[in-house]
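Take a look at the structure set out below.
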Amino acid sequence: DTGVSQNPRHKITKRGQNVTFRCDPISEHNRLYWYRQTLGQGPEFLTYFQNEAQLEKSRLLSDRFSAERPKGSFSTLEIQRTEQGDSAMYLCASMVGGRDTQYFGPGTRLTVL
Amino acid sequence: AQKVTQAQTEISVVEKEDVTLDCVYETRDTTYYLFWYKQPPSGELVFLIRRNSFDEQNEISGRYSWNFQKSTSSFNFTITASQVVDSAVYFCALSEAYNAGNMLTFGGGTRLMVKP
Numbered sequence: 004d005t006g007v008s009q010n011p012r013h014k015i016t017k018r019g020q021n022v023t024f025r026c027d028p029i030s031e032h033n034r035l036y037w038y039r040q041t042l043g044q045g046p047e048f049l050t051y052f053q054n055e056a057q058l059e060k061s062r063l064l065s066d067r068f069s070a071e072r073p074k075g076s077f078s079t080l081e082i083q084r085t086e087q088g089d090s091a092m093y094l095c096a097s098m099v100g101g102r103d104t105q106y107f108g109p110g111t112r113l114t115v116l
Numbered sequence: 004a005q006k007v008t009q010a011q012t013e014i015s016v017v018e019k020e021d022v023t024l025d026c027v028y029e030t031r032d033t034t035y036y037l038f039w040y041k042q043p044p045s046g047e048l049v050f051l052i053r054r055n056s057f058d059e060q061n062e063i064s065g066r067y068s069w070n071f072q073k074s075t076s077s078f079n080f081t082i083t084a085s086q087v088v089d090s091a092v093y094f095c096a097l098s099e100a101y102n103a104g105n106m107l108t109f110g111g112g113t114r115l116m117v118k119p
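One line per chain: the protein sequences are A and B, in this order.
One gets our numbering by counting positions in the first sequence from 1 and adding 3 to each.
One gets our numbering by counting positions in the second sequence from 1 and adding 3 to each.
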């Protein structure tokens, strides 16, 4: 049983650079979520997809953030012109249907210098 | 708006002690789901339990047990005979059924340290 996978696991970048993260959900999970977790805090919702459609975005998702899920399979989260405040753990989760359990990947830890 | 509060930011116990992690939630919805996740140092959130608002039965799974009380909006988690491997950050989370996205609202987490 393959769980949710995320790549890379760690990313260090300089302020102003663009970064892209990838999430591969559990096979046949039609919902995919992105969360952000800063040090010492609980995860906060960023956005979610049902199949390939992005249905909701949090106000935390500034214009520098964009997410895609082409063909309803893997998803990418891109941050343009990174800022030090973007340093966080970015977590991806997937779920079957609308009222089930979200299963999380290992996360991508981003450090912006 | 929904909210989850975990008042205990850090708990330290000695192995074999019992420990209870508190979770208090707020929601306007009558149908909702409550969760507990474990986050070990590796960072991955590990699902522990899911409860819907209509099921107030307490649940036991091995050394873990959960006490859901709607009257006090609490969903507490007890580890019996704690072990060093239980050391992690534990998160309580809420999802409201009226919200089509079913996104999770997390508490701030409780860091549990179990010392040998």
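Every residue gets a Cβ at the ideal spot worked out from N, C-alpha and C, and that includes glycine.
All values derive from a computational prediction rather than experimental measurement.
* Asked: Apart from the five residues on each side of it in sequence, which residues of its chain come closer than 6 angstroms, Cβ to Cβ, to residue 24(B)?
  -> 80, 93, 113
* **Proximity test, residue 68(A) beta-carbon vs the ligand FMN heavy atom, cut-off 7 angstroms** => Questions concerning the ligand FMN fall outside what the structure shown contains, since it holds no ligand whatsoever.
* **CB contact below 8 angstroms: residue 45(B) versus chain A** => yes
* What is the C-beta distance between residue 18(B) and residue 119(B), in whole angstroms, given that I count them as a contact (C-beta under 8 angstroms)? -> 5 angstroms
* **Residue(s) in a DSSP beta bridge with residue 95(B)** => 39(B)
* **Best match in 16(A), 30(A), 31(A) for proximity to residue 24(A) [C-alpha to C-alpha]** => 16(A)
* By how many angstroms is the C-alpha of residue 61(B) removed from the C-alpha of residue 81(A)? -> 42 angstroms
* To do: Note down the Cα distance separating residue 20(A) from residue 72(A), rounded to an integer number of angstroms.
  => 22 angstroms
* Any chain A beta carbon closer than 8 angstroms to residue 57(B) -> no
* To do: Run through the stretch 57-111 of chain B for me and flag every whole beta strand (DSSP E) of 3 or more residues, listed as ranges in chain order.
  => 62-64, 67-72, 77-82, 91-99
* To do: Using a Cβ-Cβ cut-off of less than 7 angstroms, list which residues of the stretch 46-80 of chain A approach chain B; keep chain order.
  => 46, 48, 51, 58, 59
* Asked: Would residue 9(A) pass as a contact of residue 110(A) if the rule is Cβ separation under 8 angstroms?
  -> yes
* Per-residue contacts from residue 19(A) into chain B (C-beta, under 7 angstroms) -> Those do not exist, as residue 19(A) stays about 26 angstroms from chain B at its closest Cβ, beyond 7 angstroms.
* On the three-state DSSP scale, how would you describe residue 74(A)? -> helix
* Asked: Would the beta-carbon of residue 35(B) fall within 8 angstroms of that of residue 56(B)?
  -> yes
* Same chain, Cβ closer than 6 angstroms to residue 6(B), neighbours up to 5 away in sequence not counted -> 29
* Asked: Should residue 108(B) go down as buried or exposed, given a rule of 16 or more other Cβ atoms within 10 Å for buried?
  -> buried
* Asked: Contact check, residue 34(A) vs residue 97(A) under 8 angstroms by CB: the rounded distance?
  -> 6 angstroms
* To do: Closer than 7 angstroms by beta-carbon distance: list the chain B residues that pair up with residue 36(A), in chain order.
  => 106
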